[in-house]
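Participant: Residue numbers (our numbering), protein chains in the order written: chain Z, 4 to 207; chain E, 4 to 207. This is the structure I want to talk about, given as structure tokens.
Protein chains: 2
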Amino acid sequence: MIMSDGPSLRDALIDAGTALLAEGGMPALTLRRAAARAGVSHAAPAHHFDGLPGLLTAIATHAFATFAKTLHTAREAAGSDPMARLNGTCQGYLTFAATHAGLFHVMFVSPEVNRGDPALMPHAARSYEILREACLPFTGVPDETLEVAVWSMVHGYASLGFATTDPRQRPFSQNLNFADLLAELLAKRQSPATNPLAPAPDTR
Amino acid sequence: MIMSDGPSLRDALIDAGTALLAEGGMPALTLRRAAARAGVSHAAPAHHFDGLPGLLTAIATHAFATFAKTLHTAREAAGSDPMARLNGTCQGYLTFAATHAGLFHVMFVSPEVNRGDPALMPHAARSYEILREACLPFTGVPDETLEVAVWSMVHGYASLGFATTDPRQRPFSQNLNFADLLAELLAKRQSPATNPLAPAPDTR
DNA sequence: ACACGGCCTTGACACTGTCAAGTAAATCCT
DNA sequence: AGGATTTACTTGACAGTGTCAAGGCCGTGT
């Protein structure tokens, strides 16, 4: 009843795939290449994943876990000011998208990953929740409109390539900071929770 | 001096590829399949496009042209109220993304298309410009911050799957309208350009 | 001792994009 | 007008992909 260390090849394949993704982007990620890098034959992955979609889903699951961790640390490192915390969370979002473009693509775009996978969903939901928590001080109560607005804006900003470090890829706007967009969105409620007329009841 | 009708096979291949994309999504689009559907041999496309990236770039170019047209008609059909016009433009954006998911993917995501292609860029720029024009009444002068904010938000909203007609794919927020997000973003400047001297009742 | 069942390998298949060579027709150049 | 050249396409091949079927190897359980 060993049960420990488990099938380490599975993790090795996930790591190999992630490395391939980081080195050569999406087209470099291949079942056979991941298998070769892990030192096994080309058909070995079939015993740990349900084909290529299965490997991609596992990679996405792993990526969402570190994504959630990245967002959390970025938020907590931003201090106590609500605006700074929300902006820090978004900067974590954008930095992750820029520095892990391959993973970001697998997580959000690749049509092969099963986004309803029971192992993936909790990590994805946790990521969303961290952003939602950072929105909370601005409304006092959960406000889906604001949450989705921020989420859409930061995700669109990243997807359109504004977050890239290579300005040659940016559509335009050489010096435009995401913090400006955030300020635009939250201009009318700079921080109603800090000086509330109605004291916000505890949240969940 | 024929110059007319030109290489019609090129257009046929673009149409075939677009049809494949609409029917089976990204994985269904294949050089050989597009060639077969156009009634030519598997190597014929090489004489009209620079491989698969060339075909994808041509499809994206064609798609951006109709995208710009869609945005324009959506904006003009929305009447004269600035908010209605901007919202109409965004609804056109979202409807296009939802009803032409394959084309949308090729246009904005697919890493194979050459987004610096001299034939593609004008149509893409025209699309962006239509959205920018719809933002103009809210500032009076071009305001890159607002433009990018709206653009990011609508693009992110579409990319995250909120625009899909299938609610099973939506992350959450069963009944959340993009118009609400837009109102949130523009709350502080309902239409200062129409009555710029009346600053009165904006905050509460 | 022996069958069993995970884990992995080998081999094959259909399919992909791309290249090289060949063919038929249209065009061009004396 | 007639040969040479260019254009548009076909055929055939090659490496690479995901996936399936069959078999081997080894540890475990009875």
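Glycine residues also receive a C-beta, built at the ideal position from the N, C-alpha and C atoms. Fair warning: this is a prediction, and the values are worked out from it, not measured in the lab.
Is Thr33(Z) helix, strand or coil when you go by DSSP?
Facilitator: Coil, per DSSP.
Participant: Does DSSP classify Asn180(Z) as helix, strand or coil?
Facilitator: Of the three classes helix, strand and coil, the one that applies to Asn180(Z) here is coil, per DSSP.
Participant: Give me the Cα-Cα distance between Ala100(E) and Asp120(E), rounded to the nearest whole angstrom.
Facilitator: Each residue's Cα considered, the two are about 22 angstroms apart.
Participant: State the Cα-Cα distance for the pair His158(E) and Tyr96(E), rounded to the nearest angstrom.
Facilitator: Those two C-alpha atoms are separated by around 8 angstroms.
Participant: Look up Asn117(Z) in the DSSP assignment and say whether it is helix, strand or coil.
Facilitator: DSSP places Asn117(Z) in coil when its eight states are reduced to three.
Participant: What residues of chain E sit near Met156(Z), judged by a beta carbon separation below 7 angstroms?
Facilitator: The answer, in chain order, is Ala152, Ser155, Met156, Gly159.
Participant: Report the CB separation of Leu185(E) from Leu89(E) in whole angstroms; it is logged as a contact under 8 angstroms.
Facilitator: 7 angstroms between Cβ atoms; contact.
Participant: If distances are taken between C-alpha atoms only, which option among Phe107(Z), Arg78(Z), Leu24(Z) comes closest to Cys93(Z)?
Facilitator: It is Arg78(Z).
Participant: Could you check whether the Cβ of Leu163(E) sits closer than 7 angstroms to any Cβ belonging to chain Z?
Facilitator: Cβ-Cβ to chain Z under 7 angstroms: yes for Leu163(E).
Participant: To the nearest angstrom, how far is it from the Cα of Thr13(E) to the Cα of Ala128(Z)?
Facilitator: Strictly speaking, residue 13(E) in this sequence is Arg, with Thr absent from that position. Looking at the two C-alpha atoms, the distance is approximately 45 angstroms.
Participant: By the criterion of Cβ-Cβ separation under 8 angstroms, what are the contact partners of Glu187(Z) in chain E?
Facilitator: The contacting residues are Thr148, Leu149, Ala152, Leu188.
Participant: Could you compute how far the alpha carbon of Thr33(E) sits from the alpha carbon of Glu150(E)?
Facilitator: Near 36 angstroms, if we compare the C-alpha coordinates of Glu150(E) and Thr33(E).
Participant: Please return the same chain residues whose Cβ sits closer than 7 angstroms to the Cβ of Ala61(Z), not counting the five positions on each side in sequence.
Facilitator: These residues qualify, in order along the chain: Ile17, Phe52.
Participant: Let me make sure I understand the geometry here. Which of Glu136(Z), Val109(Z), Val144(Z), Pro125(Z) has the alpha-carbon closest to that of Ala31(Z)?
Facilitator: For Ala31(Z), the nearest C-alpha among the options comes from Val109(Z).
Participant: Would you report the Cα separation of Phe111(Z) and Arg118(Z), rounded to the nearest angstrom?
Facilitator: About 9 angstroms.
Participant: On the premise that Leu59(E) lies in contact with Val116(E), defined as a C-beta separation below 8 angstroms, what is that separation, rounded to the nearest angstrom?
Facilitator: Between Leu59(E) and Val116(E) the Cβ distance is about 5 angstroms, and since that is below 8 angstroms, they are a contact.
Participant: If we ignore side chains and look at the alpha-carbon of each, how far apart do Ala39(Z) and Ser113(Z) end up?
Facilitator: When rounded, the distance between both Cα atoms is 23 angstroms.
Participant: Measure the alpha-carbon distance for Leu55(E) versus Ala49(E) and round it to whole angstroms.
Facilitator: Roughly 8 angstroms separates the two Cα atoms.
Participant: Quick one, which of Arg192(Z), Thr167(Z), Lys191(Z) has its alpha-carbon nearest Asn180(Z)'s?
Facilitator: When only C-alpha atoms are compared, the closest one is Thr167(Z).
Participant: Would you mind giving the Cβ-Cβ distance between Ala63(E) and Leu123(E), rounded to the nearest angstrom? I have them listed as a contact below 8 angstroms.
Facilitator: Yes, Ala63(E) and Leu123(E) are in contact; Cβ-Cβ is about 6 angstroms, under 8 angstroms.
Participant: So which residues of chain E does Val109(Z) contact, with C-beta pairs closer than 7 angstroms?
Facilitator: The contacting residues do not exist; Val109(Z) stays about 12 angstroms from chain E at best.
Participant: Under 7 angstroms Cβ-Cβ, which residues of chain E neighbour Asp183(Z)?
Facilitator: Here the neighbours are Thr148.
Participant: For Gly159(Z), report the span of its alpha helix (DSSP H) as first-last.
Facilitator: Looking at the DSSP string, the run of the alpha helix (DSSP H) that includes Gly159(Z) is 147 to 162.
Participant: In the segment 71 to 133 of chain Z, which residue ranges form an unbroken alpha helix (DSSP H) of at least 4 residues, counting only runs that do not cross its ends?
Facilitator: Complete alpha helix (DSSP H) runs here, min 4: 85 to 102, 104 to 111.
Participant: Between the Cα of Ala81(E) and those of Val153(E), Ala19(E), Ala137(E), Thr21(E), spot the shortest distance and give me the residue it belongs to.
Facilitator: Cα-wise, what sits closest to Ala81(E) is Ala137(E).
Participant: Just the chain E side, please: which residues come within less than 9 angstroms of Leu179(Z) by C-beta, in chain order?
Facilitator: Correct list: Glu147, Thr148, Val151.
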